[in-house]
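Here's the structure we're looking at; comments come further down.
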Amino acid sequence: MLWDGCDALACPVLVLRGEASPGLPRGTLATMCARRPGVEAVEFAGIGHAPALMDRAQIDVVAAFLAGASAA
Numbered sequence: 032m033l034w035d036g037c038d039a040l041a042c043p044v045l046v047l048r049g050e051a052s053p054g055l056p057r058g059t060l061a062t063m064c065a066r067r068p069g070v071e072a073v074e075f076a077g078i079g080h081a082p083a084l085m086d087r088a089q090i091d092v093v094a095a096f097l098a099g100a101s102a103a
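Residue numbering for the sequence shown follows my numbering, starting at 32 and increasing by one per position.
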């Protein structure tokens, strides 16, 4: 089921992963990126499942992605 949804996406995708995420293993993310060219994946060190986007560096990653997606 996960792969059906992933394969059907027709828009730019940014996946944010915490380094210590128990919910999104690195192998699953690698498969996602291999199946769907154009998926941009960013891993944040010292973070659990997903970043809270309270840190400027994390916010900057999202802002840059959105700026690039809107220019495409």
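Note that CB positions come from ideal geometry on N, CA and C, so glycine has one too.
Fair warning: this is a prediction, and the values are worked out from it, not measured in the lab.
Query, Result
"Among residues of its own chain, excluding the 5 on either side of Ala65, which ones have a beta-carbon nearer than 7 Å to its beta-carbon?", "none"
"Under DSSP, the alpha helix (DSSP H) around Ala24 begins and ends at which residues?", "One cannot answer for residue 24 here, as it falls past the ends of the chain, which runs 32 to 103."
"Measure from the alpha carbon of Cys27 to the alpha carbon of each residue in Ala88, Gly69, Asp35, then state which is nearest.", "Residue 27 lies beyond the range of the chain shown here (32 to 103); nothing can be said about it."
"What separation, rounded to the nearest whole angstrom, lies between the Cα atoms of Gly79 and Val44?", "20 Å"
"Would Val93 and Leu84 qualify as a contact pair, given that the criterion is a beta-carbon distance under 9 Å?", "yes"
"Buried or exposed: Ser101, going by 16 or more other Cβ atoms within 10 Å of its Cβ?", "exposed"
"To the nearest angstrom, report how far apart Gly58 and Pro82 are at their CA atoms.", "19 Å"
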